[in-house]
Amino acid sequence: MTALRGWQRADGRKGIRNVVAVAYLVECAHHVAREIAGADREAAHVIGFPGCFPNAYAQKMMERLCTHPNVGAVLLVSLGCESFDRYQLERVVSDSGRPVRTVTIQNDGGTRASIAAGRTWVAEQAAALAAAPAVPMAVSELVVGTVCGGSDGTSGITGNPAAGIAFDRLVAAGAACIFEETGELIGCEGIMAARAVTPELAAELRASVEKAARYYATLGYGSFAAGNADGGLTTIEEKSLGAYMKSGQSPISGLIKPGDIPPKGGLYLMDVVPDGEVRFGFPNISDNAEIVEMMASGAHLTLFVTGRGSVVGSALAPVIKIAANPHMYARLADDMDVNAGAVLDGTATLEGVGQAIFDLVLAVGAGQRTKSEDLGHQEFILTYKSFDPIGPACLPI
Amino acid sequence: MTEARSDGRLLLLSPGDSVFVLRGQIEAGETVLVEGQAVTVAQRLGLGHKIARVEVAAGNKVVKYGAPIGSATKAIAAGDHVHLHNLKSDYTPTYALTGAT
């Protein structure tokens with residue numbers, strides 16, 4: 552088995568990448584952050600929160616992301632007058648043992664001077680991170696997320712079940728695996744709840760999907776894009792049954808919310824739909840919002856199954872792209888890491904593709920770059936939400 | 030089961046399903062074998078689309094993966110394309126662009 556390569560963090564976790572996060576704390580600082588990170592997409596990754604109103608969820612997410620195991624140093628880029636609590640964020644990062652610095656555009660001489668100061672600091676940190684020694688890492692130390700995006704009628708019969716097989720292997724090896732989008736599990740709540748390790752957790756799983764169904768009913772749209780229908784999917788329940796296949800067959804060990812770190816290996820459902828009355832709009836406005844939430848829960852990398860052909864990657868954590876549709880694979884092979892569509896051609900089996908995904912997870916954990924990393928994809932999006940903490944039944948001992 | 034009652038281009042995901050999934054594109058005018066019955070396809074159907082395996086009465090559930098995926102909005106005959114025009118969600122309505130050619 553491939554030995555993973557990690558960088559040790561003070562909290563005990565290890566990262567499979569060692570990057571500088573350049574984090575803007577309001578959209579008004581985004582340009583400066585982007586200019587600081589510059590064209591070197593290996594060393595510095597831009598993340599951030601665009602809003603100017605305070606939000607506990609966004610604060611927690613940014614704290615978790617800036618202390619993500621793949622992050623070795625953090626530059627905060629503040630305009631100066633935004634509501635985001637940069638002091639607390641800087642404290643949290645500093646307490647994690649990472650180098651951190653804040654550039655405040657209004658105090659540091661504006662755009663040009665802030666970019667110059669930021670670039671100097673990032674270059675120093677990147678050099679230090681590049682020289683930092685790696686340590687061996689076990690599969691059981693990995694946290695892996697999965698999403699599907701740009702789904703079609705092939706997603707649920709090739710890519711998603713293959714990702715599920717890889718998840719089963721990872722869980723068996725002691726890794727923590729996270730699946731999500733309760734809005735895309737509508738109609739699956741009964742079969743999913745039957746896999747919970749306790750009856751109390753089963754009730755929580757069921758309740759999370761019922762909450763999602765209510766939430767989306769109020770909004771008037773399901774988690775269903777026009778392209779899903781072009782690809783042969785007709786209803787949200789049909790899309791859900793396909794999406795559910797990503798979870799594999801392992802028992803479900805817990806229910807977490809964005810930013811909750813899985814306490815041990817096993818399979819976890821992430822409840823991504825906000826609590827309380829409908830506020831701030833759609834739960835996750837596009838696929839990267841889901842990847843960001845899994846990273847906030849510690850995901851080192853994400854399996855992304857696509858039928859129509861999503862090309863995204865992510866800042867901070869590699870994304871493995873799994874093509875479900877063989878016709879799409881033929882058009883977008885440069886963007887895809889795995890061709891699960893070969894199952895429909897009869898040139899591969901689900902079992903074989905699942906094993907290939909598992910092997911690729913280990914290779915990427917050992918340093919191999921994914922297609923989206925090579926292409927410089929570093930999408931990132933974080934918007935407003937609000938959550939209540941999870942209840943005691945969500946993480947049975 | 031060696032008797033080919035249905036076309037190899039059609040995929041049955043679960044024994045009790047009321048639909049097949051297309052393993053590839055089928056052109057308008059082509060004939061497919063659905064449960065021993067030859068059916069002519071009226072329009073081009075893409076990979077991943079669904080064809081009814083059995084008759085479904087209006088208001089009844091359509092089953093795929095062994096689970097209901099919504100209700101028929103009109104009577105569906107075996108061999109019919111099953112999609113937005115004859116199936117709707119029991120949860121939230123489906124949004125689709127209608128301008129595509």
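Each protein sequence line maps, in turn, to chains A and B. Counting from 552, one number per residue, gives the positions in the first sequence under our numbering. Counting from 30, one number per residue, gives the positions in the second sequence under our numbering. All C-beta atoms, glycine included, are put in the ideal place defined by N, C-alpha and C.
Is DSSP giving residue i helix, strand or coil here?
i: histidine 78(B); result: coil
i: methionine 30(B); result: Residue placement at methionine 30(B) cannot be trusted, given a pLDDT of 42 that sits under 50; what the coordinates show is reported in the next sentence. Coil, per DSSP.
i: glycine 563(A); result: coil
i: isoleucine 656(A); result: coil
i: tyrosine 575(A); result: strand
i: cysteine 617(A); result: helix
i: alanine 685(A); result: coil
i: threonine 130(B); result: Residue placement at threonine 130(B) cannot be trusted, given a pLDDT of 45 that sits under 50; the coordinates are not used to answer.
i: glutamine 991(A); result: No statement about residue 991(A) is possible, as the shown extent of chain A runs from 552 to 948 and does not include it.
i: serine 43(B); result: coil
i: phenylalanine 931(A); result: coil
i: glutamine 66(B); result: strand
i: leucine 792(A); result: helix
i: threonine 102(B); result: coil
i: glycine 704(A); result: coil
i: arginine 556(A); result: strand
i: valine 583(A); result: helix
i: glycine 599(A); result: strand
i: methionine 845(A); result: helix
i: serine 798(A); result: helix
Can you tell me which of the options puts its alpha carbon nearest to the alpha carbon of residue i?
i: serine 47(B); options: Val61(B), Val92(B) and Ile55(B); result: Val92(B)
i: leucine 752(A); options: Ala561(A), Gly942(A) and Arg556(A); result: Gly942(A)
i: serine 801(A); options: Ala683(A), Ala717(A), Ala682(A) and Phe855(A); result: Ala717(A)
i: valine 829(A); options: Arg765(A), Phe855(A), Val597(A) and Ser798(A); result: Arg765(A)
i: histidine 78(B); options: Ile587(A), Asn779(A), Leu626(A) and Ala917(A); result: Asn779(A)
i: lysine 790(A); options: Asn711(A), Cys945(A) and Gln929(A); result: Asn711(A)
i: serine 702(A); options: Thr121(B), Thr127(B), Leu76(B) and Ala101(B); result: Leu76(B)
i: alanine 980(A); options: Val571(A), Arg637(A) and Gly599(A); result: This structure cannot speak to residue 980(A), because chain A is shown only from 552 to 948.
i: histidine 581(A); options: Gly916(A), Val628(A), Asp896(A) and Asp826(A); result: Val628(A)
i: leucine 113(B); options: Lys611(A), Ile787(A) and Phe604(A); result: Ile787(A)
i: arginine 720(A); options: Lys922(A), Ile812(A), Val912(A) and Ser865(A); result: Val912(A)
i: arginine 689(A); options: Pro809(A), Leu576(A) and Ala726(A); result: Contrary to the premise, residue 689(A) reads as alanine rather than arginine in this sequence. Nearest of Pro809(A), Leu576(A) and Ala726(A) to alanine 689(A), Cα basis: Ala726(A).
i: leucine 42(B); options: Pro122(B), Pro97(B) and Ala57(B); result: Pro97(B)
i: arginine 615(A); options: Thr900(A), Asp811(A), Glu593(A) and Leu926(A); result: Asp811(A)
i: aspartate 838(A); options: Asp822(A), Val863(A), Lys815(A) and Ala891(A); result: Val863(A)
Name the two residues that bound the continuous alpha helix (DSSP H) containing residue i.
i: phenylalanine 718(A); result: 710-723
i: phenylalanine 909(A); result: 901-916
i: alanine 893(A); result: 893-896
i: alanine 35(B); result: Looking at the sequence shown, residue 35(B) is not alanine but serine. Segment: none, serine 35(B) is in no alpha helix (DSSP H) and carries neither H nor E.
i: serine 645(A); result: 637-646
i: alanine 744(A); result: 740-744
i: serine 937(A); result: Here serine 937(A) belongs to no alpha helix (DSSP H), and DSSP marks it neither H nor E.
So is residue i in contact with chain A if we call contact Cβ pairs under 8 Å?
i: leucine 116(B); result: yes
i: proline 44(B); result: no
i: threonine 121(B); result: yes
i: threonine 31(B); result: Only weak support is given to the placement of threonine 31(B): the predicted model assigns it a pLDDT of 40, under 50, and the question is left unresolved by the model.
i: glycine 77(B); result: yes
i: alanine 96(B); result: yes
i: alanine 81(B); result: no
i: leucine 196(B); result: Limits of chain B in this structure are 30 at one end and 130 at the other, which puts residue 196(B) out of reach.
i: arginine 52(B); result: yes
i: glycine 99(B); result: yes
i: alanine 125(B); result: yes
i: threonine 130(B); result: Residue placement at threonine 130(B) cannot be trusted, given a pLDDT of 45 that sits under 50; what the coordinates show is reported in the next sentence. Not an interface residue.
i: valine 68(B); result: no
i: lysine 103(B); result: no
In the DSSP assignment, the beta strand (DSSP E) including residue i goes from what residue to what residue?
i: cysteine 728(A); result: 727-730
i: isoleucine 871(A); result: 870-874
i: leucine 62(B); result: 60-63
i: valine 91(B); result: 90-93
i: threonine 853(A); result: 852-857
i: threonine 697(A); result: 694-699
i: tyrosine 819(A); result: 817-821
Using 8 Å as the limit for Cβ to Cβ distance, is residue i near chain B?
i: alanine 747(A); result: no
i: alanine 764(A); result: yes
i: proline 712(A); result: no
i: tyrosine 767(A); result: yes
i: aspartate 703(A); result: yes
i: alanine 777(A); result: yes
i: alanine 780(A); result: yes
Less than 8 Å between the CB atoms is what I'm expecting for residue i and residue j, so what's the real figure, rounded?
i: alanine 868(A); j: threonine 853(A); result: 6 Å
i: isoleucine 729(A); j: glycine 696(A); result: 5 Å
i: glutamate 740(A); j: leucine 820(A); result: Actually they do not touch by this definition, with Cβ atoms about 11 Å apart.
i: histidine 851(A); j: asparagine 621(A); result: 6 Å
i: valine 50(B); j: isoleucine 708(A); result: 6 Å
i: valine 698(A); j: phenylalanine 855(A); result: 5 Å
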